[in-house]
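Participant:
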Amino acid sequence: MKSALITLCSLMVLSTSVFAASGKDLAKTLKLDASSKAIKQWEKVFEKPDKMASMGIDKLSDGDQNALKGYLTSHAADSDHPEAAGL
Amino acid sequence: MKKTIILSALAALVVSSHAADTSVQAQIDELKSKIEALQKAQNEQMSKQAVQVSKTETTRVDELEDRIDKVETASMVNKINWGVDFRTRVDSFKRTAADGTQSSNNDVWSNRLRLNMSSVITDDMKFTGRVVMYKNWADSYAYPYSGMDPMQGRRPSDSSIFVDRAYVDWTVLKGQVPLALTIGRQPSSDGPSHQFKDNTVRKSTYSALSFDGGADGVVATVGLSKITSIPDMALRLGYGKGYQQNTGASYVGASGGIADTKVVGAFLDAGLGIAGSLAQISAVKATNVVSNTPPTTLGVSTNANIGDVSLYTAMVEFTNLANSNLDLFAHYAMSVSSPNGVTSAYGPYNMGLLTNTIGDTAEKKGHAYWVGGRYTFENTMLNNPRVGLEYNHGSQNWFSFTQGSNDVTNKLATRGNATEAYYIQPINRYAYLRAGAQIINYDYSGSGMQIGAPTVMAAGMPTELNKLTNYYLLFNVSY
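Sequence order for the protein chains is F and V. Here the first sequence is numbered in the numbering used here, starting from 166 and rising by one per residue. Here the second sequence is numbered in the numbering used here, starting from -7 and rising by one per residue.
#1: What are the boundary residues of the alpha helix (DSSP H) that V210(F) is part of?
#2: Note down, in chain order, every chain V residue with its Cβ under 7 Å from the Cβ of S187(F).
#3: Can you check which of these residues, E370(V), L264(V) and I443(V), is closest to Y341(V) by C-alpha distance?
#4: Enumerate in chain order the residues of its own chain whose CB-to-CB distance from L233(F) is below 7 Å, with the five nearest sequence positions on each side excluded.
#5: Rounded to the nearest angstrom, how far is the Cβ of T80(V) from that of F467(V), given a contact under 8 Å?
#6: Per DSSP, which residues does W162(V) bridge with? Please list them.
#7: Would you say T213(V) faces chain F, with C-beta separation under 9 Å as the test?
#8: Quick one: list the residues of chain V neighbouring D245(F), beta-carbon separation under 8 Å, in chain order.
#9: Just checking: is the beta-carbon of A241(F) within a distance shorter than 9 Å of some beta-carbon in chain V?
#10: Beta-carbon of L252(F) versus every beta-carbon of chain V: anything under 9 Å?
#11: For D161(V), return the contacting residues in chain F, with the cut-off set at a CB-CB distance below 7 Å.
#12: Which of helix, strand or coil does DSSP assign to K47(V)?
#13: Can you find the residues in the same chain that come closer than 6 Å, C-beta to C-beta, to S437(V), ignoring five residues on each side of it along the sequence?
#14: Measuring straight from C-alpha to C-alpha, what distance separates V276(V) and L173(V)?
#15: Helix, strand or coil for F184(F) per DSSP?
#16: Please determine if the region 419 to 439 of chain V and the region 34 to 45 of chain V are in contact, where contact requires at least 3 C-beta pairs separated by less than 8 Å.
#17: Any Cβ of chain V within less than 9 Å of the Cβ of I222(F)?
#18: Please list, in chain order, all residues of the same chain as D115(V) whose beta carbon is under 7 Å from its beta carbon, the five residues on each side excluded.
#19: Which word fits K32(V), buried or exposed, when buried means at least 16 other C-beta atoms lie within 10 angstroms of its C-beta?
#20: Just checking K86(V) against the ligand GTP - is the residue's beta carbon closer than 8 Å to any of the ligand's heavy atoms?
#21: Does the region 338 to 357 of chain V touch the region 283 to 293 of chain V, meaning 3 or more C-beta pairs lie closer than 8 Å?
#22: Between T411(V) and the rest of its own chain, which residues show a CB-CB distance below 6 Å, the 5 nearest in sequence each way excluded?
#23: Could you give the residue range of the beta strand (DSSP E) that holds Q168(V)?
#24: Using a beta-carbon distance below 9 Å, is D248(F) in contact with chain V?
#25: For chain F, is any of its Cβ atoms less than 9 Å away from the one on R228(V)?
#26: Would DSSP call E57(V) helix, strand or coil?
#27: Does DSSP put P223(V) in a helix, in a strand, or in coil?
#28: Using 9 Å as the threshold, is the C-beta distance between R122(V) and R157(V) below it?
#29: So which residues of chain F does Q178(V) contact, with C-beta pairs closer than 9 Å?
#30: Which residues in the same chain have their Cβ closer than 6 Å to the Cβ of R426(V), if we skip the five residues on either side of it in sequence?
#31: Who are the neighbours of T394(V) on chain F, taking C-beta pairs under 9 Å?
#32: Are the region 223 to 231 of chain V and the region 198 to 212 of chain V touching by the rule of at least three beta carbon pairs closer than 8 Å?
#33: Work out the CA separation of V334(V) and T347(V) for me, nearest whole Å.
#34: Less than 9 Å between the C-beta atoms of I72(V) and M109(V), yes or no?
#35: Residues of the region 54 to 79 of chain V in Cβ contact with chain F at a cutoff of 9 Å, in chain order, please.
#36: Taking Cβ positions, are Q168(V) and I222(V) nearer each other than 9 Å?
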C-alpha cells in the first residue's frame, strides 16, 4: 500500500513536470521574442512588476514565470546559441 | 401739489432708475469687455506656452533621435559580434605499451583560446566564424599534423591562430519547406553529444562519434517540420573535400597522380516530441581517401589514394529529460572501408586502407557505440553542479573521421573500450571547472588511423599503446 502510494505520488509529480507549460510555449503565447533582449535585460524585466504586467507575465503562476524566465535568459540575444548547418 | 410732487418724485425715480440701469449696464459691458480681453490674453498666453512646450518636446525628441542615430550607426558599423571561449587545462597521462612498458607525464598544461564571431548580414543571411589558438604551455613547437586540415587548431600546437569555422547560412527559400545553404568551413566539430561534457549547447551538425574536426564544404538544409509536423525535422545534403591536391604555384597542373578526397553525405534530424530531444541518422561516403604518410628521408612524397570509406550513423539524445535534470545519449555507427589495393611506404611497412598487404581489396567493416549521461544537482549554494559518465566501444576495423577531436586522446576512435567520468563545478553563468578521468583500453592497434591493419595487441608490439589513463582538471570561461 505504501509503495503504491509512493509510486502514485511520483507519477503525479512526473506527469506534472512532463505536462507543465514549457518556457518556449509560454513565450510563444505571450508573443515574446527571446532574442530581442540580452540576458541582463530580461532579468530586469522580471524585477519590475509594471514591466511584467505590460507583457502579461504577471498573470502567470510562479512556476510558469520561472519557466518563462529560464527560457528567455537561455535564448537571449547574448546567450550560448546552438550551431549546426542551416540553424 | 402733492400729486405734482409725487409725480415729480416718480419721474425722478424713473429717471434715476434708468440712469442707474444705464450705469450698471455700462459697468456690465465694461466688465464683459475686460473679461473678454482677459480671456483673449489668457488664450494667447496658453498658445504661446503650448508652442513653447511643443518646441521643447520637439527639441528633446530631436536630441534623442540624434543620440539613437549615433548608437544605431555604431551598431551597424560594428558588423561582427565577438565572443570569447578560453580554457586552461592540466592533464596527467599514464601510458602502458603492449609489452607492459609504462611511461607517464603528470603535469601537461595547455591553453586554448577561441574567438567566436557572428554577424547578421540580412534577414536571410548570417555569418558565423571561430578562430582558435591551442598550445601547450611554454611550447612553440608546431603540431606535426597541423598540415592536416581537420586538425588545425584542434590539437595543441604553437601560438598560431587557425580558422576553425567560417561559414554563411543563406536562407534561399522560406515558407512551408524552407531551404538554407551553409557555405564555407563548416560547424563540424564538437558536435552532439559533446555539449554535455563541455557544459554548452549543440555546436555541430554531426554526431561526434563519426565526425569531429574542421571541414570545408557546402550543406543544403531542407526544413521538413512544417509539412510533417515532426519538430525540428530537417534533411541535410552535404558535399566537401577531405583532401584537395595542392598544385603549388600553378592552379592548373599535374595532381601528382593523387585524386581529391570527396565527401558526400545525407543527414536526417528530428525531434522525438519530447522537449530537448534530438535524433539523427546519416550516411556518408568519402572517396579516394589518402594515406597521408610522411615523405621519405629524401623528401619524396609517399602520399597515395588508398580507397573509399562509408559511414552509417544513428544517434539519439535527451536534454533534461522530462525536467528530471538528467541528460542521456546513445550513438551507434558502422564503418565500411574499401581498400583499392594501393599502399604507401612507411618505413619498412606497406600502408593501405586498414591493411598492410599490397593488392588487398577486401572490405573491412567496423562498428562503434557511445553512450552516456549527465545529471544536474539542484543545489543553489554550489551553483547546481553536474556529474557525467560516458562509455564507448569500437571494433577491430572501426574507423571514423574524428581525427580533429578536441580531446587529445580521441577516445571515440578507440578500437577497444573507453570510459570517462567527470564533475562540472559552475563558478558563475560563464565559467566552470571540470575534473575528470579517462580510462582507455586498446584491444587493437592503430586507433583513429586509416592506414595499416588493426592487429590484436601482443607483447611483441612495444610501441603500441595498450592502455591510457588520463586525469585532468580544466578551467573554462565562455562569454
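The beta-carbon is built from N, C-alpha and C at its ideal position, and this holds for glycine as well.
Facilitator: Short version:
#1: The sequence position of residue 210(F) within the first sequence is 45, counting from 1. Run containing V210(F): I204 to V210, per the alpha helix (DSSP H) assignment.
#2: Within the first sequence, numbered from 1, the residue matching residue 187(F) stands at position 22. What S187(F) touches in chain V: A267.
#3: Position 349 of the second sequence, counting from 1, holds the residue named residue 341(V). The shortest Cα separation from Y341(V) among E370(V), L264(V) and I443(V) belongs to I443(V).
#4: As a first step, residue 233(F) must be located in the first sequence, where it is residue number 68. Excluding sequence neighbours, L233(F) sits near G188, L191, A192, I222 and L225.
#5: Locating residue 80(V) in the second sequence gives position 88, where the first residue counts as 1. Locating residue 467(V) in the second sequence gives position 475, where the first residue counts as 1. Going by Cβ atoms, the distance from T80(V) to F467(V) rounds to 5 Å, so yes, they are a contact pair.
#6: By one-based count along the second sequence, residue 162(V) stands at place 170. In DSSP, W162(V) forms a bridge with M117(V) and L173(V).
#7: Here residue 213(V) corresponds to residue number 221 of the second sequence, with the count starting at 1. Yes, its Cβ sits closer than 9 Å to a Cβ of chain F.
#8: For the purposes of this step, residue 245(F) is taken as the residue at position 80 of the first sequence. Residues of chain V passing the Cβ test: T192, V193 and S470.
#9: Taking the first residue of the first sequence as position 1, residue 241(F) is located at position 76. Closer than 9 Å: no.
#10: Residue mapping note: residue 252(F) aligns to position 87 of the first sequence, counting from 1. Closer than 9 Å to some Cβ of chain V, the Cβ of L252(F) qualifies, so yes.
#11: Along the second sequence, read from residue 1 onward, the residue named residue 161(V) stands at position 169. By Cβ distance, chain F contributes G251.
#12: Along the second sequence, read from residue 1 onward, the residue named residue 47(V) stands at position 55. K47(V): helix per DSSP, three-state reduction.
#13: As a first step, residue 437(V) must be located in the second sequence, where it is residue number 445. Around S437(V): P446, T447 and E456.
#14: As a first step, residue 276(V) must be located in the second sequence, where it is residue number 284. As a first step, residue 173(V) must be located in the second sequence, where it is residue number 181. Using only the alpha carbons, I get a separation of about 18 Å.
#15: Taking the first residue of the first sequence as position 1, residue 184(F) is located at position 19. Since pLDDT at F184(F) reaches only 45, below the 50 mark, its modelled position is unreliable, and no value is offered.
#16: no
#17: Along the first sequence, read from residue 1 onward, the residue named residue 222(F) stands at position 57. With 9 Å as the cut-off, I222(F) does not count as an interface residue toward chain V.
#18: Along the second sequence, one-based indexing puts residue 115(V) at 123. Result list for D115(V): empty, nothing under 7 Å.
#19: By 1-based counting over the second sequence, the position of residue 32(V) is 40. Under this definition K32(V) is an exposed residue.
#20: The ligand GTP is not part of the structure shown, which contains no ligands of any sort.
#21: yes
#22: Indexing the second sequence from 1 puts residue 411(V) at position 419. Taken in chain order, the residues that qualify are Y383 and I431.
#23: As a position in the second sequence, residue 168(V) is number 176, starting the count at 1. That residue, Q168(V), is in no beta strand (DSSP E); it is neither H nor E in DSSP.
#24: Taking the first sequence and counting its residues from 1, one reaches residue 248(F) at position 83. Note on identity: in this sequence residue 248(F) is Glu, with Asp being the wrong assignment. Yes, contact with chain V.
#25: The residue given as residue 228(V) occupies position 236 in the second sequence. Interface residue, yes.
#26: Sequence index remark: in the second sequence, residue 57(V) carries index 65 (1-based). E57(V): helix per DSSP, three-state reduction.
#27: Here residue 223(V) is taken as the residue at index 231 of the second sequence, counted from 1. It is coil, neither helix nor strand.
#28: Here residue 122(V) is taken as the residue at index 130 of the second sequence, counted from 1. Here residue 157(V) is taken as the residue at index 165 of the second sequence, counted from 1. Yes, the pair counts as a contact, with Cβ atoms nearer than the cut-off.
#29: In the second sequence, residue 178(V) corresponds to position 186, counting from 1. Ordered by position in chain F, the residues that pass the 9 Å Cβ test against Q178(V) are A250.
#30: Mapped onto the second sequence, residue 426(V) falls at position 434. Only Y414, I416 and L466 meet the Cβ criterion.
#31: Looking up residue 394(V) in the second sequence gives position 402. Those do not exist, as T394(V) stays about 17 Å from chain F at its closest Cβ, beyond 9 Å.
#32: yes
#33: Along the second sequence, read from residue 1 onward, the residue named residue 347(V) stands at position 355. Along the second sequence, read from residue 1 onward, the residue named residue 334(V) stands at position 342. Rounded to the nearest angstrom, the two C-alpha atoms are 10 Å apart.
#34: As a first step, residue 72(V) is located in the second sequence; it is residue number 80 there, counting from the start. As a first step, residue 109(V) is located in the second sequence; it is residue number 117 there, counting from the start. A distance below 9 Å separates the beta carbons of I72(V) and M109(V).
#35: Within the region 54 to 79 of chain V, the residues whose Cβ lies closer than 9 Å to any Cβ of chain F are, in chain order, N73 and G75.
#36: For this step, residue 168(V) is matched to residue 176 along the second sequence. For this step, residue 222(V) is matched to residue 230 along the second sequence. Result no, Cβ atoms of Q168(V) and I222(V) do not sit closer than 9 Å.
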